[in-house]
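Below is one structure, written out as structure tokens; comments come after it.
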Amino acid sequence: MIRVSIDSAPIEVAIELAALEERGAGGLATFTGVVRGDDGVTALELEHYPGMTEQALIALAETACARWSLLAVTMVHRVGVMVPGDRIVFVGTAAQHRREALDACGFLIDRLKTDAPFWKREQLGDAARWVDARARDVDAATRWEAGQ
Amino acid sequence: MDLLYFAWVRERIGMGQEQVEPPAEVRSVADLIGWLATRSPGHAEAMRAPERLRAAIDQKFVPLDAPLGAAREVALFPPVTGG
């Protein structure tokens, strides 16, 4: 079962987790990304490419399901304006055993960062700046290529 | 063809989408970027450094040398920064 959601509403981790637990898995792995208040960031705005984003996340979830034995995958990404402390992304996987759940969860969050059309804009008081892509995110995503 | 712009590309051009009919010699995404740069000062600013741009054709990521073919929707944007 694959659940993908892109929404401006706050991410409800307990509800997402409960839905994964209902799959009767032996293990769940989750990653929650939270907006950091580094460098005086007062707000973070997330823009995305409606239509393509959903397809990109579903394609990643399908790739994970083909590579690992999974009972369920959930990927939820918040868009719009957030403040430090808000959840920005949630990835959850359910499997019979921990290794599949943990590896698939790591794969999904690493690849989401490079393969899905989202853009972050930081607000620092009255100033704003678009966040630059980081080479270490590309390295983390590349790590999951076949054979590694 | 429908063009979509995101993040600072959208801000510099001053709009999120437009419809264009590029001339026949515009065959690749890179050609399109060069042609768009001539449309307005905002376009020129957004297209000034093609190496900083990424593209999608009909909602699939493509390299800048990809042929436009029968593209219906082309999007131009900076490298993605989600998660």
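These protein sequences, in sequence, are chains A and B.
According to full-length UniProt numbering, the residues represented by the first sequence are 1 to 148, in order.
According to full-length UniProt numbering, the residues represented by the second sequence are 1 to 83, in order.
The C-beta atom is built at its ideal place from N, Cα and C for all residues, glycine as well.
Counting only Cβ pairs nearer than 8 Å, list the residues of chain A close to residue i.
i      : result
B/Ala7 : Glu47, Trp119, Arg121 and Trp130
What residues of chain B sit near residue i, judged by a beta carbon separation below 9 Å?
i        : result
A/Ala116 : Val80, Gly82 and Gly83
A/Ile109 : Gly83
Would you call the CB atoms of residue i and residue j closer than 8 Å?
i                      : j        : result
A/Ala141               : A/Lys120 : no
residue 187 of chain A : A/Val91  : Past the edges of chain A, shown from 1 to 148, lies residue 187 of chain A, and the structure says nothing about it.
A/Ile88                : A/Leu46  : yes
B/Gly42                : B/Arg12  : yes
A/Ala101               : A/Ala29  : yes
B/Pro67                : B/Ser28  : yes
First and last residue of the beta strand (DSSP E) that includes residue i?
i                      : result
A/Met75                : Ala72 to Arg78
residue 164 of chain A : Only positions 1 to 148 of chain A appear in the structure, and residue 164 of chain A is not among them; the question remains open.
B/Gln17                : Gln17 to Gln19
A/Ala133               : Taken as a continuous stretch (DSSP letters only), A/Ala133 belongs to no beta strand (DSSP E), as it is neither H nor E.
A/Leu44                : Ala43 to His48
A/Trp119               : Phe118 to Leu124
A/Ala9                 : First-last for A/Ala9: undefined, no H or E at that position.
A/Val83                : From DSSP, A/Val83 is part of no beta strand (DSSP E); its letter is neither H nor E.
B/Phe61                : Lys60 to Val62
Measuring only between beta-carbons, confirm whether residue i sits less than 8 Å from chain C.
i        : result
A/Ala141 : Within the model displayed, chain C is absent; protein chains A and B are what it includes.
Using a Cβ cut-off of 8 Å, pull out every chain B residue sitting near residue i, in sequence order please.
i                      : result
residue 157 of chain A : Outside the modelled stretch of chain A, which goes from 1 to 148, sits residue 157 of chain A, for which no answer is possible.
Whole-angstrom Cβ separation of residue i and residue j, contact assumed at under 8 Å?
i                     : j        : result
B/Ala24               : B/Ala55  : With a Cβ gap of about 20 Å, B/Ala24 and B/Ala55 do not count as contacting.
A/Met75               : A/Ala94  : About 13 Å separates the two Cβ atoms, so there is no contact after all.
B/Thr81               : A/Phe31  : Actually they are not in contact, since the Cβ atoms of B/Thr81 and A/Phe31 sit about 17 Å apart, beyond 8 Å.
A/Val83               : A/Ala127 : 16 Å between Cβ atoms; not a contact.
A/Gly27               : A/Arg78  : Wrong, their Cβ atoms sit about 26 Å apart, outside the cutoff.
residue 92 of chain B : B/Phe77  : Outside the shown range of chain B, which is 1 to 83, sits residue 92 of chain B, and nothing can be said about it.
B/Ala71               : B/Ile57  : 5 Å
A/Pro10               : A/Asp103 : 28 Å between Cβ atoms; not a contact.
A/Trp144              : A/Asp110 : 6 Å
Who are the neighbours of residue i on chain A, taking C-beta pairs under 9 Å?
i       : result
B/Ala75 : Tyr49, Met52 and Pro117
In its own chain, which residues sit with a C-beta less than 7 Å from the C-beta of residue i, not counting the 5 before and 5 after it?
i        : result
B/Val20  : Met1 and Leu3
A/Asp132 : none
A/Ile6   : His48, Thr53, Glu54, His77 and Val79
B/Phe6   : Ala75 and Phe77
B/Gly16  : Leu4, Tyr5 and Arg10
Once you ignore the five residues that flank residue i on each side, which residues in its own chain have a CB closer than 8 Å to its CB?
i       : result
A/Leu71 : Met1, Arg23, Gly24, Ala25, Ala94, Ala95 and Gln96
A/Gly40 : Leu124 and Gly125
B/Phe61 : Arg54 and Ala55
Quick one: which chain A residues come within Cβ less than 7 Å of residue i?
i       : result
B/Gln19 : The premise fails here: B/Gln19 is roughly 17 Å from chain A at the closest Cβ pair, so nothing lies under 7 Å.
Listing by chain order, which chain B residues have their CB less than 7 Å from the CB of residue i?
i       : result
A/His77 : Gly82
The alpha helix (DSSP H) that contains residue i, what's its start and end?
i        : result
B/Ala55  : No alpha helix (DSSP H) contains B/Ala55, which is instead part of the beta strand (DSSP E) from Arg54 to Ile57.
A/Thr114 : Arg98 to Asp115
B/Val80  : Unbroken run through B/Val80: none, as it is neither H nor E.
Excluding the 5 residues flanking residue i on each side, which residues of the same chain have their C-beta closer than 6 Å to its C-beta?
i       : result
B/Glu73 : Asp2 and Asp58
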